[in-house]
Amino acid sequence: MDNHFGYTFFIRSIRSNPEFGAIYLRISSNGKRAACSLYRKVSFTDFNESKNERPFERDS
Numbered sequence: 103m104d105n106h107f108g109y110t111f112f113i114r115s116i117r118s119n120p121e122f123g124a125i126y127l128r129i130s131s132n133g134k135r136a137a138c139s140l141y142r143k144v145s146f147t148d149f150n151e152s153k154n155e156r157p158f159e160r161d162s
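Here my numbering is used: position 27 in the sequence shown is 129, and no number is missing along the way.
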């Protein structure tokens, strides 16, 4: 049996402040998913998807 594991970071908008989004982590293992909040916020103006830049990632 093969085991598969993956993770994705995604942003959900915040109702109280539409200019910011909360950062979430989704973990999937063998087709089952679970999501949790990282308790961090990011401004949508700082997020530049066309350049594939994510303001919460570290440069290595």
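No residue lacks a Cβ here, since even glycine has one placed at the ideal position from N, Cα and C.
Asked	Found
Who are the Cβ neighbours of G133 in its own chain at under 8 Å, not counting the five residues just before and after it?	H106
So is S162 buried or exposed if we call it buried at 16+ other beta carbons inside 10 Å?	For S162, the predicted structure reports a pLDDT of 43, less than 50, and the residue's modelled location is therefore unreliable. The matter cannot be settled from this model.
On a CA-only basis, which of R128, Y109, R117, G123 is nearest K143? Give me that one, please.	G123
May I have the straight-line CA-CA distance separating S115 from S130, to the nearest angstrom?	22 Å
In terms of DSSP beta bridges, what is K126 paired with?	In the sequence as displayed, the identity of residue 126 is Tyr instead of Lys. Per DSSP, F112, S139.
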